[in-house]
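**Student:**
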Amino acid sequence: MLASPATSDPPPPPTALSSPRQPLMKFLSVLLLTATLTLPLAAQAADRIAVVDLKKVFDGYWKTKQADLNLKEKAGELDKKRKDMVADYQKANDEYKKLVESVSDSVISVEEREKRKKSAETKLREIQEIEQSITQFDRSARAQLGEQQRIMRDKIVVEIRDVVNKKARTANYGAVLDSAAESAVGTPIVLFNANLPDLTDETLTQLNATAPAGALQPATPGPAPLNLK
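Residues -5 to 223 (the numbering used here) make up the sequence shown, in order.
Rendered as structure tokens:
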């Protein structure tokens, strides 16, 4: 008896990658705080503390917006390739079903029946190979987008750190805290802020001073990263 395909549908698509900003904030908060705490702490600067909303800075930086667009563009290209592969899978699956049905034709000879069985078995192997190709493609797509995301994030983190560190040194701050940081359980890390100096706007203004014309305009909605359905 001919085997049925492993599934009637192609392998499930990978979960869409999260936004480049989502996994960043806790890491960035600790990283920036560590960097600023390593500044030489003169006695008069030990109690000077400022804050910065790193989420606002990261989200509002023109290079973050550009990186998001690049990531969506890459995801769109991968999505198109996967849809083509799924179309091939569905076509092969339909052909296999027709071959299986034709084997049951009572008017054909034994020789023809065996021939059709072999054709169906060959088509089934083709379906299984396409399934494996889709699975491998999904794995590769995740890796590509993940690496592009990581490179983007690391570069932006370095640039934000450099600007904040220079401002901290210039103003003789002993520490700079992330006012938007949250703990592992989702509670605010900064529980009280008695109007501490806020470096958010000036940091973002300096970072965006080099933005090309139109770079800060609202982005046109594009495809979600790796929406492989």
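Backbone N, C-alpha and C define an ideal beta-carbon position, used for all residues, glycine too.
Any chance the stretch 135 to 143 sits against the stretch 72 to 91, with 3 or more Cβ pairs inside 8 Å?
**Tutor:** yes
**Student:** Would you mind sorting leucine 185 into buried or exposed? The rule is 16 or more other CB atoms within 10 Å of its CB.
**Tutor:** That one is exposed.
**Student:** What do you reckon, is the C-beta of glutamate 125 under 8 Å from a heavy atom of the ligand FAD?
**Tutor:** Of ligands this structure carries none, so the ligand FAD is not represented either.
**Student:** Just to confirm before moving on: does the CB-CB distance between tryptophan 56 and threonine 194 stay below 9 Å?
**Tutor:** no
**Student:** Just tell me which of Leu48, Gln84, Glu141 and Glu196 has its CA closest to the CA of valine 152.
**Tutor:** Leu48
**Student:** If you pair each beta-carbon of the stretch 60 to 69 with each one of the stretch 143 to 151, do three or more pairs fall below 8 Å?
**Tutor:** yes
**Student:** Please state the DSSP three-state secondary structure of aspartate 192.
**Tutor:** strand
**Student:** Straight-line CA distance for isoleucine 183 to valine 45?
**Tutor:** Straight-line Cα distance between these residues: approximately 12 Å.
**Student:** Whose C-beta lies closer than 7 Å to the C-beta of glutamine 142 among residues of the same chain, with five residues either side of it excluded?
**Tutor:** Sequence-distant partners of glutamine 142 (beyond 5 residues in either direction) whose C-beta falls short of 7 Å from its own C-beta, in its chain, are Leu65 and Lys68.
**Student:** Compute the Euclidean distance between the alpha carbons of alanine 162 and glycine 168, then round it to the nearest angstrom.
**Tutor:** 7 Å
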